[in-house]
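**Student:**
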Amino acid sequence: MRNFYLWRTHLFLAFFCTLNFALKAQTLAPLSVEKIMRDPKWMGVAPSNPYWSEDGTKIFFNWNPEKNTGDSLYVYELSTKQTRKVTPLERSLLPTASGDYNRAFTQKLFIKNGDIYWIDVKTGQTRQLTNTVDAESNVTFSADGSKAIFRRGQNLFSQHLLTGELIQLTNFLPGTKKADAAANEQDKWLKKDQLALFEVLKERADKKKEADKITKSNQPKRPKEIYTNDAILDNILLSPTAEFITYRSTKGGSGAKSTVVPSYVTESGYTENLPARTKVGASQNNSQLFIYNIKKDTVLEASTKDLTGINVKPEYLKEYKADTSKKAAARKVQFINVQWSEDGKYVVAMMRSQDNKDRWIASLDPETAKFKVLDHLRDEAWVGGPGSFWLEWIDNETIIFHSEATGYSHLYTVNVRTGERKTLTSGKFEVQQAQLSKDKKTIYFQSNEVHPGEQHFYKMAVTGGERTKLTGMVGANDAALSPDESKLLIRYSSATKPWELYLQEAQPNATATQLTKSLSPEFSSYQWREPQIVTVKASDGVDIYARLYVPKKKNGAAVVFVHGAGYLQNAHKWWSQYFREYMFHNLLVDLGYTVLDMDYRASAGYGRDVRTGIYRFMGGKDLDDNVDGAKFLVEKHGIDAKRIGIYGGSYGGFITLMAMFTKPGVFKAGAALRPVTDWAAYNHPYTANILNEPATDSLAYRRSSPIYHAAGLKDHLLICHGMVDVNVHIQDSYRLVQRLIELKKDNWEMASYPMEDHGFVEPTSWMDEYKRILKLFQEKLKK
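If you number the sequence shown the way this note's numbering does, the last residue is 964 and the count never jumps.
1. Tell me the rounded alpha-carbon separation between GLY788 and ILE581.
2. Answer yes or no: do VAL564 and ARG533 have a C-beta to C-beta separation smaller than 8 Å?
3. Quick check on the DSSP output: the beta strand (DSSP E) that includes TYR966 runs from which residue to which?
4. Compare the Cα-Cα distances from MET779 to each of ILE217, TRP233, LYS812 and ARG797 and report the closest residue.
5. Alpha carbon to alpha carbon, what distance is there between TYR589 and ARG824?
6. Taking just the CA atoms, how far does PHE353 sit from GLN335?
7. So within the stretch 265-326, which uninterrupted alpha helix (DSSP H) runs reach at least 4 residues, ignoring any that extend past its ends?
8. What are the complete alpha helix (DSSP H) segments, minimum 4 residues, inside the stretch 662-686?
9. Can you look up LEU192 in the DSSP assignment and give me helix, strand or coil?
10. Just to confirm, are THR431 and LEU470 a CB contact at a threshold of 8 Å?
11. Is there contact here, the stretch 706-723 with the stretch 597-608, by at least three beta-carbon pairs under 8 Å?
12. Can you check DSSP and say which residues form a bridge with ASN596?
13. Helix, strand or coil for VAL731? Go by DSSP, reduced to three states.
14. Of the residues LYS239, GLN613 and GLU611, which one's Cα is nearest the Cα of ASP665?
15. Would ASN767 be called buried (16 or more neighbouring beta carbons within 10 Å of its own) or exposed?
16. Mapping the DSSP letters down to three states, classify GLU453 as helix, strand or coil.
17. When you compare the CB positions of ALA852 and ILE714, do they come within less than 8 Å of one another, or not?
18. Leaving out the 5 sequence neighbours to the left and right, which residues in its chain are closer than 6 Å to GLY801 when beta-carbon positions are compared?
19. Exposed or buried, GLU681, counting other C-beta atoms within 10 Å across all chains shown (16 or more means buried)?
20. In the DSSP assignment, find the beta strand (DSSP E) that holds HIS341 and state where it starts and stops.
21. With a Cβ-Cβ cutoff of 8 Å, do VAL740 and TYR781 count as a contact?
22. Can you give the Cα-Cα distance for SER946 and TYR915, rounded to whole angstroms?
23. So, using beta-carbon positions, are VAL461 and GLU923 closer together than 8 Å?
24. Report, in whole angstroms, the separation of the C-beta atoms of THR843 and ILE827, which I expect to be a contact under 8 Å.
25. Is the Cβ-Cβ distance between LEU769 and GLY810 less than 8 Å?
26. Is it buried or exposed for TYR593, if we count other Cβ within 10 angstroms and need 16 for buried?
27. Where do the ends of the beta strand (DSSP E) carrying THR479 lie?
28. Where does MET406 sit, in a helix, a strand or coil, going by DSSP?
29. Measuring alpha carbon to alpha carbon, tell me which of SER675, ALA615, PRO944 and ILE671 ends up nearest GLU635.
30. Taking the straight line between their C-alpha atoms, what separation do you get for PHE197 and GLN959?
31. Is the separation between the beta-carbon of ALA932 and that of ASP896 shorter than 8 Å?
32. Going straight from the alpha carbon of GLU991 to that of ALA463, what length do you get?
33. Going by Cα to Cα distance, which pick from ASP281, THR485, GLU585 and VAL595 is closest to ALA550?
If you want it as structure tokens, here you go:
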């Protein structure tokens with residue numbers, strides 16, 4: 182008996198020790214760079230890409246609770262309230278989430294593996310319509326719902342859903358039509374003389390002409406041969422009346438030179454060049470809109486010469502003593518969106534000037550190819566903001582769209598027939614994305630009306646009026662309506678918790694039920710700090726929102742984090758896409774640092790003036806905001822002004838360089854990760870918005886590019902860059918390094934990562950990079 186009790190005691194002690202070891206293994210504290218920069222699956226994998234089944238009884242989403250190599254498809258069934266993994270067979274039979282519905286929303290067409298499928302929404306009956314080597318795409322229903330209209334190659338086709346009849350609607354041919362060889366005057370005279378001399382030749386010629394006429398009359402009508410002139414055609418649309426086809430033609434810029442990025446560590450053992458982008462100012466694509474009149478068998482190009490303000494020169498040219506009062510040639514235009522009304526009576530187009538300063542919404546007369554402007558938005562900086570290039574038809578005469586006309590992105594309608602315009606929302610907040618209900622009587626939208634750092638889902642009549650808030654959880658509520666619009670599938674996160682899925686009735690004050698639980702015990706074992714959302718008064722009086730992390734025991738030093746992308750928001754109440762940096766900030770706070778993370782000028786979420794605050798001077802107001810943040814830390818939180826560090830990646834790396842070069846003494850140490858050092862070396866779509874083009878606005882590039890200010894470096898700088906970065910090329914950093922060498926600077930270092938692109942992937946690279954950052958701050962910000 183004594184042996185039994187001894188055995189039981191030993192067993193209990195062994196179990197207790199094992200349990201204690203397991204609990205310790207799942208305990209994250211104390212934080213370290215090695216722990217937080219592991220493969221992110223250690224945290225638990227959040228669900229992604231959620232969508233409703235066609236009948237609204239199931240919810241599908243990608244998930245990886247088992248921490249496998251890749252995510253799997255899961256399904257939550259509303260009837261059983263159970264979640265399970267979708268089998269491979271079941272998945273192969275599922276329709277895709279995207280597709281086109283008939284007007285009654287009872288049928289859907291979708292593309293899967295390059296073929297067209299039809300599904301009955303209520304019964305789930307599915308039928309494959311095509312099985313071809315050539316991929317089909319862009320499938321839609323015809324206006325009467327009887328046909329599938331789709332693209333195969335460059336051409337548009339129609340297939341009857343009952344009879345299967347296939348009709349080719351366009352005959353686009355590559356290249357340029359070869360002109361018939363023209364006979365000279367001598368040959369024309371000779372032929373005429375021969376026919377006049379010889380009766381047999383004349384009779385045969387007449388018979389051939391008659392036979393050709395009969396043969397031609399017996400041929401079925403074919404679509405007109407239209408040569409593409411080596412352009413790429415897209416947005417090919419059949420009008421609901423089947424009378425017209427509109428299409429966009431885009432030609433690449435001539436002589437545009439692409440860059441290459443060498444990859445040194447390769448499977449082959451040889452250096453391999455990766456294809457990359459062109460640089461800002463390179464020749465841009467030329468976009469044209471055409472209308473094919475099927476009955477008349479004619480093609481017209483839509484003319485933009487009468488668009489309001491098409492000849493206006495930008496104001497910045499005055500700085501170069503250019504005369505902007507003289508009428509300029511019509512600027513080039515990019516055609517963004519073309520849509521027909523359901524009855525086919527009207528077609529509208531959304532266009533943007535190639536210099537980015539104008540957006541037009543105009544109706545197009547398909548008979549004359551002339552535009553009538555319905556809305557014109559002009560911005561001497563650049564047109565943009567949430568939803569700027571979205572529009573939908575509410576009825577056969579009215580469209581709905583976003584505009585920053587008041588300085589914030591809001592919803593408007595305009596009547597295409599009368600031109601009457603109506604404001605649906607207004608205020609100092611942004612409507613970030615919108616969608617119409619199936620009956621087009623209600624508009625659902627996401628906005629930050631409650632607080633710039635919160636996102637909620639609303640509904641409102643399409644005529645405007647009262648806005649009803651449907652979500653209530655503090656943070657971000659990314660909602661998707663069920664097919665019957667009675668429920669919301671919400672992808673939600675808070676500042677301290679990553680994304681999870683919730684289900685809620687589409688009613689105000691309804692309770693949201695959590696469907697997924699993804700966090701690992703190890704991640705949950707640490708008490709992650711919820712940053713304070715504060716406002717910092719900028720030197721020009723603007724309130725700048727920021728995340729503030731304050732330790733219980735301050736060490737007197739601080740770090741300012743600068744988010745990337747420029748137009749991005751990070752001082753918010755939901756889970757940051759900079760989740761590694763968020764964890765790193767918790768580590769810094771554990772070590773006694775105060776951390777400030779600012780939504781500096783140019784950040785998203787705050788309206789037009791903040792968005793365009795960096796026009797023609799990156800490293801101007803945006804840097805000033807971060808400098809004012811440093812002052813805020815000194816004046817309000819007792820931070821030693823000589824012990825503040827700064828770091829960030831991409832745009833954040835750029836700001837770090839500008840801070841170290843142009844504001845010496847403000848930041849004792851800075852870590853610039855994958856930074857832009859010369860904006861003339863970056864891409865066109867992003868840079869030309871903000872700085873125009875180098876050849877026409879060289880002053881903007883000179884004052885905005887760190888490489889021209891490198892002589893100002895006084896304090897300690899770390900540069901980190903991936904060597905296969907096809908976004909911000911490592912050539913940027915190498916050019917800066919050479920500049921620092923020539924300037925005889927010795928207070929900097931650079932680390933390069935042979936296997937990394939712009940966004941690092943390998944945990945070891947993240948670890949190495951952030952060990953260096955931590956070491957920099959620990960060594961240089963000490964007392």
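Cβ coordinates follow ideal geometry from the N, Cα and C atoms, glycine included.
**Tutor:** In terms of the structure at hand:
1. 20 Å
2. yes
3. Coverage of the chain is limited to positions 182 through 964, which leaves residue 966 absent and any answer about it impossible.
4. LYS812
5. 38 Å
6. 6 Å
7. 269-274
8. none
9. Only weak support is given to the placement of LEU192: the predicted model assigns it a pLDDT of 45, under 50, and the question is left unresolved by the model.
10. no
11. no
12. THR579
13. coil
14. LYS239
15. buried
16. strand
17. no
18. none
19. buried
20. 336-341
21. no
22. 19 Å
23. no
24. Not quite, the Cβ-Cβ distance comes to about 12 Å (not below 8 Å), so this is no contact.
25. no
26. buried
27. 479-482
28. Reading off the sequence, residue 406 comes out as Glu, not Met. Residue state, collapsed to three classes: strand.
29. SER675
30. With a pLDDT of 46 at PHE197, under the threshold of 50, the modelled position of that residue is not reliable, and the figure given next carries that caveat. The alpha-carbon atoms of PHE197 and GLN959 are separated by roughly 39 Å.
31. no
32. Lying outside 182 to 964, the shown extent of the chain, residue 991 is not represented and no answer is given.
33. THR485
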